[in-house]
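A.B. asks: Please read through the structure below; I'll follow up with questions.
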Amino acid sequence: MIAFDFAQLRLIGLQQAIAGAATQLNVSSPAAQLLRVSAVHRDSIGVHDGILEQPSRILPRLLHELQAQDTILAVGDWVAAEQDPQGTLWIREYLSPVTQIARRGNDGRRQVLASNVDTALLVMGLDGDFNPRRLERYLSIVLAARVMPVVVLSKADMADDVPGKLAQLKHRLPSHVPLFAIDTRHAYDVAILEPWLGAGQTLVLLGSSGAGKSSLTNTLCAAQQATNGVRHGDGRGRHTTTARSLHLCSSGACIIDTPGLRSWRADADAETLAATFDDIAALASTCQFRDCQHASEPGCQVRGAVDADRLRNYHKLLRDARRIDETPLERIAARAKWKTILKAGLERGKDKRR
Ligand SMILES: Nc1nc2c(ncn2[C@@H]2O[C@H](COP(=O)(O)OP(=O)(O)OP(=O)(O)O)[C@@H](O)[C@H]2O)c(=O)[nH]1
Ligand SMILES: [Mg+2]
Ligand SMILES: [Zn+2]
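Numbering that gives the first Met the number 0 puts the first residue of the sequence shown at 0, with every later residue one more than the last.
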């Protein structure tokens, strides 16, 4: 049993489900505290008690347990920690997250972006950053984690053809995904996000570098985080934010700002992807053939009804997901098979030349 002040921890997003699980924690010491991970550094973990952030370390025993489960502490996790006589704060226990947003790096390794998040604000610039396919990829990782997505289109004040781009996304994305075009630097504009900013709510900001995530965090939290100008020419940012961090908002919500992601894949299997693109799945169920590719099959219900590029993107993401689902042994076998085929091809070439 661990004692904690619900009202104080609510400032950093404590909710009933976690509070309930915390009372079941196996900690005997009266000095143990319930804290939230607010920053993850190479050799220390920032933990927050609703008022202050302090550095802490993970007990080696817990680190091994986490590694055995192929997971790691992420910003947003709830932990039980205790100070030793030397003043070092040690994380002893961790509460399984209610939600966890993760991606796959290009090396196939899973990386947790944030834990215990209610809403993900997907920030995309209406300038050169505008890319519906990338947005759909973000949507798939967020929906796979059962987190509510809200699309925030930034730089509405300076981009060309804002109504056209908005209409394009409205036509393309499922209708239950809210969509706003704003100037992230103005309180008046960001007030439209109020329904997702209630007390005890946790939001994570995702999007490319330079999209305006830190600007939005600053406006929402009146915090002072570094933001940066965009390079001329390519419209890309410079990776101003280098680590994920948790910020308290005046509305009582808290926000996890993240650095722009460079290259990654959704951590979703084919089944979750189908759920993400449920408009396609619903229409596909009425196609004449069960394995309809929605290409040139007669009587296809999907082609024509779904944005063509959205359909292509869905198929690309599915291929990526299948690649992740392959076990390392299957990958080796597939590679060996190609080697044999290639070698046979070379041999044939030699024969011909002889
Ligand atoms: N005009 C205009 N400029 C914006 C808007 N949002 C962001 N900016 C500018 O775009 C630049 C990049 O914004 P940041 O908030 O640092 O971008 P970020 O998403 O945090 O980028 P990383 O930390 O690198 O991932 C800054 O110069 C901002 O002032 C907007 O809505 N309108
Ligand atoms: Mg930033
Ligand atoms: Zn079809």
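In this text, a Cβ means the ideal position worked out from N, Cα and C, and glycines have one as well. Since we're looking at a predicted model, the values are computed, not measured.
Tell me the rounded alpha-carbon separation between D126 and V161.
C.D. replies: If I take the Cα positions, the gap works out to 9 Å.
A.B. asks: Measure the CB-CB distance between L204 and L192 and report whether it falls below 8 Å.
C.D. replies: Taking 8 Å as the Cβ cut-off, L204 and L192 do not qualify as a contacting pair.
A.B. asks: Judging by CA-CA distance, which residue of A180, T118, L13, L112 is the nearest neighbour of A166?
C.D. replies: Of the listed residues, the one whose Cα sits closest to A166 is A180.
A.B. asks: According to DSSP, simplified to helix, strand and coil, what is R91?
C.D. replies: Three-state DSSP puts R91 in a strand.
A.B. asks: Can you tell me whether T216 is helix, strand or coil according to DSSP?
C.D. replies: If DSSP states are grouped into helix, strand and coil, T216 belongs with the helices.
A.B. asks: S244: beta carbon under 7 Å from a heavy atom of ligand 1?
C.D. replies: Checking the Cβ of S244 against ligand 1 gives no.
A.B. asks: What beta strand (DSSP E) runs, 3 residues minimum, are completely inside the segment 34 to 72?
C.D. replies: Runs of the beta strand (DSSP E) inside the segment 34 to 72: 44 to 47, 52 to 57.
A.B. asks: Between the Cα of K154 and those of R136, W89, D128, spot the shortest distance and give me the residue it belongs to.
C.D. replies: The option with the nearest alpha carbon to K154 is D128.
A.B. asks: For ligand 3, is there any heavy atom lying closer than 7 Å to the beta carbon of H314?
C.D. replies: No, ligand 3 has no heavy atom inside 7 Å of this Cβ.
A.B. asks: Hey, R109 and D69 are a contact pair by Cβ (cut 8 Å); roughly how many whole angstroms apart?
C.D. replies: Going by Cβ atoms, the distance from R109 to D69 rounds to 7 Å, so yes, they are a contact pair.
A.B. asks: Assuming contact is defined by CB atoms lying nearer than 8 Å, are G45 and P54 in contact in what I supplied?
C.D. replies: Their beta carbons are under 8 Å apart, which means G45 touches P54 by this criterion.
A.B. asks: So the alpha helix (DSSP H) I279 belongs to, where does it begin and stop?
C.D. replies: From DSSP, the alpha helix (DSSP H) with I279 extends over 277 to 283.
A.B. asks: Is D256 near ligand 2, with its Cβ less than 7 Å from a heavy atom?
C.D. replies: Result yes, Cβ under 7 Å from ligand 2.
A.B. asks: Taking DSSP as the reference, what is the three-state secondary structure of D308?
C.D. replies: D308 falls in the helix class under three-state DSSP.
A.B. asks: In chain order, what residues have a CB nearer than 5 Å to some heavy atom of ligand 3?
C.D. replies: That query returns the following residues: C286, C291, H293, C299, V301.
A.B. asks: Compute the Euclidean distance between the alpha carbons of A280 and A269, then round it to the nearest angstrom.
C.D. replies: Straight-line Cα distance between these residues: approximately 12 Å.
A.B. asks: Is L212 near ligand 2, going by C-beta to nearest heavy atom under 7 Å?
C.D. replies: Sequence check: residue 212 is Lys here, not Leu. It does: the Cβ of K212 is within 7 Å (strictly closer) of some heavy atom of ligand 2.
A.B. asks: Helix, strand or coil, according to DSSP, for A269 in the structure here?
C.D. replies: Three-state DSSP puts A269 in a helix.
A.B. asks: Could you give the first and the last residue of the continuous alpha helix (DSSP H) run that contains D188?
C.D. replies: Counting along the chain, the alpha helix (DSSP H) containing D188 begins and ends at 186 to 189.
A.B. asks: Does the beta-carbon of R133, which I'm using as the reference point, lie nearer than 7 Å to any heavy atom of ligand 1?
C.D. replies: It does not: the Cβ of R133 is nowhere closer than 7 Å to a heavy atom of ligand 1.
A.B. asks: Sorted by chain position, which residues of the same chain lie with C-beta nearer than 6 Å to A182's C-beta, five sequence neighbours on each side aside?
C.D. replies: Per the sequence shown, residue 182 should be read as Asp rather than Ala. The answer, listed in chain order, is A155, D156, D188.
A.B. asks: Which partner residues does S114 have in the DSSP bridge list?
C.D. replies: According to DSSP, which records beta bridges pairwise, S114 is partnered with Q99.
A.B. asks: Kindly indicate which residue of E296, E92, Y313, V26 has the alpha-carbon position closest to the one of L272.
C.D. replies: Closest option to L272, Cα to Cα, is Y313.
A.B. asks: Please return the same chain residues whose Cβ sits closer than 7 Å to the Cβ of G232, not counting the five positions on each side in sequence.
C.D. replies: Reliability of the predicted coordinates at G232 is poor, the pLDDT of 40 falling under 50, and the value obtained from them is presented with this limitation in mind. No residues qualify anywhere along the chain.
A.B. asks: Which residues in the same chain have their Cβ closer than 8 Å to the Cβ of C286, if we skip the five residues on either side of it in sequence?
C.D. replies: Hits under 8 Å: H293, E296, G298, C299, Q300, V301.
A.B. asks: Does the Cβ of Q66 have 16 or more other Cβ atoms within 10 Å, making it buried, or fewer, making it exposed?
C.D. replies: Exposed.
A.B. asks: So is I50 buried or exposed if we call it buried at 16+ other beta carbons inside 10 Å?
C.D. replies: I50 should be labelled exposed.
A.B. asks: Give me the Cα-Cα distance between L34 and S213, rounded to the nearest whole angstrom.
C.D. replies: Roughly 24 Å separates the two Cα atoms.
A.B. asks: How about V36 and A73: are their beta carbons less than 8 Å apart?
C.D. replies: Against a cut-off of 8 Å, the Cβ pair of A73 and V36 comes out as a contact.
A.B. asks: Kindly examine ligand 1 and report whether one of its heavy atoms sits closer than 7 Å to the Cβ of M0.
C.D. replies: Because no heavy atom of ligand 1 lies under 7 Å away, the Cβ of M0 does not count as near it: no.
A.B. asks: How about M147 and G206: do their beta carbons lie closer than 8 Å?
C.D. replies: No, these two residues do not count as a Cβ contact at 8 Å.
A.B. asks: What is the DSSP secondary structure of L10, counted as helix, strand or coil?
C.D. replies: DSSP places L10 in coil when its eight states are reduced to three.
A.B. asks: Considering just the uninterrupted stretch of the alpha helix (DSSP H) at P131, what are its terminal residues?
C.D. replies: Where P131 is concerned, the enclosing alpha helix (DSSP H) stretches over 131 to 143.
A.B. asks: What number of angstroms, rounded off, separates the C-alpha of R136 from the C-alpha of R171?
C.D. replies: In a straight line, the C-alpha of R136 is about 13 Å away from that of R171.
A.B. asks: Taking all protein chains shown into account, decide if S244 is buried (16 or more other Cβ within 10 angstroms of its Cβ) or exposed.
C.D. replies: Buried is the call here.
A.B. asks: Please classify F288: is it buried, with 16 or more other beta-carbons within 10 angstroms of its beta-carbon, or exposed?
C.D. replies: Label assigned to F288: exposed.
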